[in-house]
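Counting in our numbering, the sequence shown runs from 2 upward without gaps.
Where a beta carbon is used, it is the ideal one built from N, C-alpha and C, also for glycine.
From a predicted model like this one, the values you see are computed outputs, not experimental measurements.
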Amino acid sequence: TSVVELMRKTLQSQKQRALADSDIEELVHEVEQLVVIFAKLTKKKTVFVRLEVLGDDGCAFWHQDCVPFRLVTTYRGPCTEWVHPDASNATLRRRRFDTKHAQALSHHDV
Numbered sequence: 002t003s004v005v006e007l008m009r010k011t012l013q014s015q016k017q018r019a020l021a022d023s024d025i026e027e028l029v030h031e032v033e034q035l036v037v038i039f040a041k042l043t044k045k046k047t048v049f050v051r052l053e054v055l056g057d058d059g060c061a062f063w064h065q066d067c068v069p070f071r072l073v074t075t076y077r078g079p080c081t082e083w084v085h086p087d088a089s090n091a092t093l094r095r096r097r098f099d100t101k102h103a104q105a106l107s108h109h110d111v
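Structural data, given as structure tokens:
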């Protein structure tokens, strides 16, 4: 909950705020719920949360994450793309190119 307060204060202190107070409350509440669910699923007591605003696609090429678990959600703009593990080797060989195997999440998907 102290993290929730920190997130709320940080979002409210932005000079050029993109969110109204009610939107900030909704975002903070949703992130808090996701953290609780993610912690239960992964059986972890600590969950690292990072909120980012990206001005581009975030990744210049396809790559493989090397973490046991990752939760990603997109709220605005182009959504996260991913490939099924069965297509990962073929996709990674073509690193900087589009792939026919790409699937995209929708806004608020997890």
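Residue from the options whose Cα sits closest to the Cα of residue i
i    : options             : result
K101 : T92, S107, V32      : T92
L52  : L106, K45, C67, E33 : E33
S89  : L12, K41, D66       : D66
H109 : T75, D87, H85, R94  : T75
Inter-residue Cα distance where the pair is residue i and residue j
i    : j   : result
Q104 : T43 : 24 Å
D99  : E82 : 11 Å
H30  : K16 : 22 Å
Supposed contact pair residue j and residue i - C-beta distance, whole angstroms, cut 8 Å
i   : j   : result
L55 : C80 : Rounded, the Cβ-Cβ distance is 11 Å, inconsistent with contact.
L72 : L35 : 6 Å
For residue i, the three-state DSSP class (helix, strand or coil)
i    : result
E53  : coil
Q34  : helix
A105 : strand
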